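**Q** Sharing a structure with you now.
Residue numbers (my numbering), protein chains in the order written: chain V, 1 to 159; chain Z, 1001 to 1743.
Laid out in structure tokens, this is it:
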């Protein structure tokens, strides 16, 4: 049975069985490959997307549970926080293999949307569900702080 | 863009040139001496053709410079590294640099240390350094000649800077793109002068942005798992429950009834279920009924292996190193100490499970993969399909981590494509559970070390015995005197000045598949050597740092070594150039403030290790709570890997190596029960997470020596440094890994 949702700002109808995980609907039906499969059990965070703004593990989220909701993937990440995060990621060259980074970035954006100036414990709490096998954690942490700084500067500019 | 090319009758020239259409501009590559003749471009040569073009640089009229990477990018930064080397000699602007992966062509793109097209052994930069420098310098020389001809000036009056060719006397200048067409008509220089390393601008620059950074941050980087062809089907394989089991019979009725399943076929590794989507393939895979023939399967588990290994640990093995007379020295020693170590099987656990896409047609097989063994994939695909190797086209994609995992896994996808008669392109997909249970693991090892001290507490005897599977099997080119060098690397070549050394090895045969795992033998030998040396220091009342410095006072090559079997090609690199090991140790100790007091509950530990021709020393600082909880707070690293091509990539590799190695010693263990792997996913095979990552400081030793490995070399010292720090904090010595087994 098809499921209708808003995907990256566009209303779409995905023709999949209702219990298919959102991850596979995004990848195979919508053709958006930035969201990754890592574990299939919500253990690694590689599949993180935003559902109505909340970071969500799409590998264990049945597609019909997001009917009518707004889903954002890495391809649709936009707005000042997303831009700050991605720009900090590039500036600090966070990535290595890069496979987990879509999920890391989606978790980081959600964190910064909630807490514009996160502390290290905030970062630990928000990011420990995202595994990076290359262990780029130090740079992820630095990039989150950097993104917070970018946002702070830009808010100051606007005042 | 297709490259139109023509053959050049240039004979045995060292460099090749490709005369190309105006649209593609200049293409230059380095020709390896034993090739016969040169020719050009991407056009396919007849199968008996001996022409061997090796194109590494392409300069287009749009002023882009494309570097062709013969190595696979799995996160180690090799695209950026190879591009930096060419861009340096070319005096290019970093903004104009692009990279594309090389096609499968072992003559042009072989790893000069391996002889086949493959990435591994942390030698990608080392084997390419001279080759890619020459490729860049040649292109530069030809552009200078083209400019000289155009401007009617002498070549030696021309300079090149950040992608601009200039004649300062007349003020004329041209971009690379402007000169691309003319440059292609220039004579290829017989010789080029490479830069003096002290004048490098891009090599060694503190931070050149990674060339794969943007794609991987935007979610647009394509991994094999992401690659899509129209009408493509997805395949999962039902794999044997025990290693070595084979399919006796299977019933696919239920699988075929799953909506979306299009085919079910037996292949050499199990039964493949082919479907229109991943969820359908998985459902189908889960309901295939298979009767397995387990007569040849490994039925034993970790307890049985441990018992066998413990018994071997008490018997003499094949000699991997002999200096002096260790047995006699131990019998005469004033005192001896001994310790045994247990190292479990480890999984690679790359974030991207194995995947590949294969399109098979009558006369061509296309493979999209992140595999690192390109020649191996090509050979396997040719064997499976009956096509000729040159009919196998390999399209390298980013690998979502490798760490030794991405050999030639695409072969299985080729089998499936063949099994369904090439009806549709196939994407092979491994689930996490399959990957965890079907990996080729870092072998399990047991070590026993015995040290003898004389009356003055000098270390006079060192006996190190290792038991564990051989990775290299029985290949006579690699196995010397019954010793697999990969089992003893880091143990048989210890640099310490000890008069009597014996290292011996048992290589029991198990049915568990094993392979290289980031840093290979060094992943366990370093832990045993460096923690046991701390035990010796403690027993002798010596500071662990000062003891190591004293033991590293002499060049290990200066003393007679009676036996040290190793393949000839590895002999020159068995020891670090003296005194690199000692220098990195001193640098790490200095930067970490070695010897300054630590508060109660905290400890500092140190380790130095040489591997992949690089020397690294780490000082780890840990806090152990009163309840025993461990936190690694800080790791100070010193690395000597020759000239630092990209210091920031080296730092990234060391930071990552620390995290990778730390996860392994804290949690990593694959165990078997009655032949079945007990772990299945990240809940029971834990990896390091954000909150457990220490602060890592990296100090790179300045050097103009040729570059050496870093990706693997960064792993070995972290385990022993942390273990030594725990000992310093608590007085407890942990010798069975992992330190915190997952319950």
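All C-beta atoms, glycine included, are put in the ideal place defined by N, C-alpha and C. Bear in mind that the values here come from a model prediction, so they are computed numbers and not experimental data.
With a cut-off of 8 angstroms, does the C-beta of residue 1099 of chain Z fall near any C-beta of chain V?
**A** For residue 1099 of chain Z, the answer is no, since every Cβ of chain V falls outside 8 angstroms of its Cβ.
**Q** Helix, strand or coil for residue 1470 of chain Z? Go by DSSP, reduced to three states.
**A** Reduced to three states, the DSSP call for residue 1470 of chain Z is coil.
**Q** In angstroms with no decimal places, state the Cα-to-Cα distance between residue 1246 of chain Z and residue 1401 of chain Z.
**A** So the alpha carbons of these two residues sit roughly 29 angstroms apart.
**Q** How is the beta strand (DSSP E) around residue 1292 of chain Z delimited, first residue to last?
**A** Where residue 1292 of chain Z is concerned, the enclosing beta strand (DSSP E) stretches over 1289-1293.
**Q** Between residue 1021 of chain Z and residue 137 of chain V, what straight-line distance do the alpha-carbon atoms span, to the nearest angstrom?
**A** Only weak support is given to the placement of residue 1021 of chain Z: the predicted model assigns it a pLDDT of 29, under 50, and the question is left unresolved by the model.
**Q** So what does DSSP say about residue 1056 of chain Z, is it helix, strand or coil?
**A** In the structure shown, residue 1056 of chain Z sits in a strand (DSSP, three-state: E or B).
**Q** Which bits of chain V does residue 1687 of chain Z rub up against, with CB to CB less than 9 angstroms?
**A** 44, 131, 132, 133 and 135, listed in chain order.
**Q** Can you confirm whether residue 149 of chain V, when its beta carbon is compared against all beta carbons of chain A, has any partner nearer than 8 angstroms?
**A** This model lacks chain A altogether; the protein chains it does include are V and Z.
**Q** So the candidates are Z:1600, Z:1349, Z:1687 and Z:1405; which of them puts its Cα closest to the Cα of residue 1666 of chain Z?
**A** Residue Z:1687 is the option with its Cα nearest to residue 1666 of chain Z.
**Q** Taking only runs of the alpha helix (DSSP H) that begin and end inside the segment 1201-1256 of chain Z, which ones reach a length of at least 4 residues, in chain order?
**A** Listed in chain order, they are 1213-1218.
**Q** So is residue 1212 of chain Z in contact with chain V if we call contact Cβ pairs under 8 angstroms?
**A** Yes, residue 1212 of chain Z lies at the interface with chain V (some Cβ there is under 8 angstroms from its Cβ).
**Q** Once you ignore the five residues that flank residue 1659 of chain Z on each side, which residues in its own chain have a CB closer than 6 angstroms to its CB?
**A** So the qualifying residues of the chain are 1688 and 1693.
**Q** Can you pull the chain V neighbours of residue 1142 of chain Z, defined as C-beta to C-beta under 9 angstroms?
**A** None at all; the shortest Cβ gap to chain V is about 32 angstroms.
**Q** Could you check where the beta strand (DSSP E) with residue 149 of chain V kicks off and where it finishes?
**A** Run containing residue 149 of chain V: none in the beta strand (DSSP E); it sits in the alpha helix (DSSP H), 137-158.
**Q** Within 10 angstroms of its Cβ, does residue 1095 of chain Z collect 16 or more other Cβ (buried), or is it exposed?
**A** So residue 1095 of chain Z counts as exposed.
**Q** Do we get a CB-CB distance below 8 angstroms when we pair residue 1497 of chain Z with the residues of chain V?
**A** No - not a single Cβ of chain V is within 8 angstroms of the one on residue 1497 of chain Z.
**Q** What are the boundary residues of the alpha helix (DSSP H) that residue 1127 of chain Z is part of?
**A** Element bounds for residue 1127 of chain Z: 1124-1151.
**Q** Residues in the same chain with beta-carbon distance under 6 angstroms from residue 1576 of chain Z, minus the five sequence neighbours each way, listed in chain order, please.
**A** Hits under 6 angstroms: 1610 and 1615.
**Q** What residue does the alpha helix (DSSP H) around residue 1581 of chain Z start on, and which one ends it?
**A** Looking at the DSSP string, the run of the alpha helix (DSSP H) that includes residue 1581 of chain Z is 1580-1592.
**Q** Would the beta-carbon of residue 58 of chain V fall within 8 angstroms of that of residue 47 of chain V?
**A** In this structure, residue 47 of chain V lies closer than 8 angstroms to residue 58 of chain V by Cβ.
**Q** Identify, in the order they occur along the chain, each residue of the same chain with its Cβ nearer than 8 angstroms to the Cβ of residue 86 of chain V, setting aside the five sequence neighbours on each side.
**A** Excluding positions up to five away in sequence, the list reads 77 and 105.
**Q** In three-state DSSP terms, what is residue 1090 of chain Z?
**A** DSSP places residue 1090 of chain Z in helix when its eight states are reduced to three.
**Q** For residue 1063 of chain Z, does the three-state DSSP call read helix, strand or coil?
**A** It is coil, neither helix nor strand.
**Q** What does DSSP give as the partner residues of residue 1267 of chain Z in its beta bridges?
**A** BP columns for residue 1267 of chain Z point to Z:1270.
**Q** For residue 1277 of chain Z, go through chain V and note every residue whose CB falls closer than 7 angstroms to its CB, in chain order.
**A** Here the neighbours are 24 and 28.
**Q** Would DSSP call residue 1447 of chain Z helix, strand or coil?
**A** Here residue 1447 of chain Z sits in strand by DSSP.
**Q** Pull up the DSSP beta-bridge partners for residue 1069 of chain Z, would you.
**A** Answer is Z:1101, bridged to residue 1069 of chain Z.
**Q** Within a Cβ cutoff of 8 angstroms, which residues of the same chain sit near residue 1729 of chain Z, ignoring the five residues on either side of it in sequence?
**A** The residues are 1598, 1601, 1602, 1603, 1622, 1623 and 1624.
**Q** According to DSSP, what are the bridge partners of residue 1608 of chain Z?
**A** In DSSP, residue 1608 of chain Z forms a bridge with Z:1617.
**Q** Report buried or exposed for residue 1449 of chain Z, applying the criterion of at least 16 other Cβ atoms within 10 angstroms of its Cβ.
**A** The residue in question, residue 1449 of chain Z, is buried, as its Cβ has 16 or more Cβ neighbours within 10 Å.
**Q** Under the DSSP definition of a beta bridge, which residues are partnered with residue 1632 of chain Z?
**A** In DSSP, residue 1632 of chain Z forms a bridge with Z:1622.
**Q** Nearest chain Z C-beta to residue 128 of chain V closer than 8 angstroms, yes or no?
**A** Closer than 8 angstroms to some Cβ of chain Z, the Cβ of residue 128 of chain V qualifies, so yes.
**Q** Which chain V residues are close to residue 1350 of chain Z, counting only those with a beta carbon under 7 angstroms from its beta carbon?
**A** 133, listed in chain order.
**Q** Just how far apart, CA to CA, sit residue 1571 of chain Z and residue 1489 of chain Z?
**A** Approximately 12 angstroms, taken between the alpha carbons.
**Q** Flag residue 78 of chain V as yes if its beta-carbon sits less than 8 angstroms from any beta-carbon of chain Z, otherwise no.
**A** Judged by the 8 angstroms Cβ criterion, residue 78 of chain V is not in contact with chain Z.
**Q** Hey, residue 16 of chain V and residue 50 of chain V: beta-carbon distance below 8 angstroms or not?
**A** Not closer than 8 angstroms, so no.
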